[in-house]
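Numbering (our numbering), first residue to last: 2 to 333. Heads up, the beta-carbon is just placed ideally off N, CA and C, and yes, glycines get one too. A short worksheet on the structure shown next.
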Ligand SMILES: NC(=O)c1ccc[n+]([C@@H]2O[C@H](COP(=O)([O-])OP(=O)(O)OC[C@H]3O[C@@H](n4cnc5c(N)ncnc54)[C@H](OP(=O)(O)O)[C@@H]3O)[C@@H](O)[C@H]2O)c1
């Protein structure tokens with residue numbers, strides 16, 4: 002009997018991390034429900050999934066609308082069968098100081114980036130909990146732990162995603178559920194976000210360096226979907242941020258106040274015709290990468306080590322035992 006190929010749903014699959022993740026799952030022959038609003042981007046992702054050996058179902062859906070997400074989940078199960086993995090990745094943001102952001106803009110960014118994750122979680126768990134199997138992957142950020150300037154809607158939403166997910170994890174544990182939930186804490190990535198995110202800044206936006214390629218995040222999502230990891234931290238900047246926040250948040254406030262404006266802007270002027278994807282999608286295929294290929298790292302040694310932590314601990318253990326034995330021998 003051939004093994005059944007995995008059924009995966011990815012929100013935010015028309016660009017950036019979600020698109021790279023779709024390609025990663027497709028390499029295993031996965032059947033993937035692709036959720037975003039932009040049909041052109043989704044269709045391009047579907048072609049990439051099929052070229053990589055998977056199957057795709059294009060689902061033009063707004064994740065801020067619960068009924069649409071619920072209907073998309075049903076369409077995936079009608080087409081492919083029971084969902085094994087659900088990845089909540091979709092986001093929008095507004096780059097600006099807080100007082101320059103209109104209430105309607107703040108509300109929209111929160112509804113997509115936070116409630117979109119909540120709705121995705123609800124429709125996935127409604128199916129997985131009953132079956133007592135499945136894997137839910139929440140795409141989060143170093144900014145789930147630490148707020149930075151010029152991104153208050155995003156940082157607020159990402160903190161909320163973390164708190165919400167911790168609540169869900171405790172409920173699943175209470176019921177001894179076998180459903181897995183993982184959070185992926187990501188660093189700055191070279192994604193489409195910086196080509197279509199709404200901005201009121203004077204120059205083009207960029208991720209805070211050091212920057213990684215979206216394929217690094219895609220691998221972490223794929224890894225988390227198949228391993229029992231509550232959290233996966235990707236990149237030294239993520240780890241440094243989280244430790245900095247725990248040890249000296251007041252120092253980080255001052256450091257970010259000083260550096261956080263410059264580090265999020267390039268020297269390039271804004272595209273005068275620049276449209277953004279806050280309320281409606283950009284109907285273009287922009288791929289997964291942003292404009293920072295020259296700066297972005299294709300690998301994170303810290304994440305590669307974290308993936309192999311069993312081997313690393315075993316190696317460290319063996320080294321300690323070996324060194325102790327040598328010390329005892331020489332003492333004798
Ligand atoms: N890039 C970074 O530096 C970075 C760093 C840390 C964490 N992350 C995390 O990575 C994830 C993806 O970010 P990204 O940088 O890849 O962003 P991105 O390039 O802007 O991609 C966002 C995706 O979400 C979709 N989307 C936006 N609004 C939607 C809506 N209302 N309904 C459905 N889909 C919607 C977009 O497609 P449509 O516009 O076609 O709908 C697109 O496919 C986010 O959760 C983010 O927090 C990113």
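- Between residue 33 and residue 23 a beta carbon distance of about 6 angstroms is seen, short of the 8 angstroms cut, so the two are scored as contacting.
- When only Cα atoms are considered, residue 62 and residue 193 end up about 19 angstroms apart.
- Here the segment 204 to 219 lies against the segment 262 to 282, with 3 or more beta-carbon pairs under 8 angstroms apart.
- Taken through DSSP and simplified to helix, strand or coil, residue 58 comes out as strand.
- Residue 204 carries a strand assignment under DSSP once its states are collapsed to helix, strand and coil.
- Residue pairing by DSSP places residue 265 opposite no residue, since no beta bridge is assigned to it.
- Relative to ligand 1, the beta carbon of residue 120 is positioned no closer than 7 angstroms to any heavy atom.
- For residue 173 and residue 137, the gap between their C-alpha atoms comes out near 12 angstroms.
- For residue 257, the shortest separation between its Cβ and any heavy atom of ligand 1 does not lie below 7 angstroms.
- Annotated three-state conformation of residue 175 is helix, per DSSP.
- Taking C-beta atoms as the reference points, residue 37 and residue 91 count as a pair closer than 8 angstroms.
- Apart from the 5 residues on each side of it in sequence, residue 86 sits with its Cβ closer than 6 angstroms to the Cβ of 9, 136 and 226 in its chain, given in chain order.
- DSSP places residue 67 in the uninterrupted alpha helix (DSSP H) bounded by 67 to 81.
- Sequence-distant partners of residue 80 (beyond 5 residues in either direction) whose C-beta falls short of 6 angstroms from its own C-beta, in its chain, are 58.
- Beta-bridge partners assigned by DSSP to residue 199: 95.
- Remark: the shortest separation between the CB of residue 90 and any heavy atom of ligand 1 falls under 7 angstroms.
- One thing to note: residue 145 has its Cβ no nearer than 8 angstroms to the Cβ of residue 213.
- Under the Cβ criterion (8 angstroms, minimum of three pairs), the segment 90 to 105 counts as touching the segment 153 to 169.
- Taking 8 angstroms as the cut-off, the Cβ atoms of residue 121 and residue 12 count as close.
- Shown here, residue 37 sits in a strand according to DSSP, grouped into three states.
- Closer than 7 angstroms to some heavy atom of ligand 1: that describes the Cβ of residue 117.
- Separation of residue 126 and residue 160 (C-alpha to C-alpha, rounded to the nearest whole angstrom) is 21 angstroms.
- Residue 292 has its CB no nearer than 7 angstroms to any heavy atom of ligand 1.
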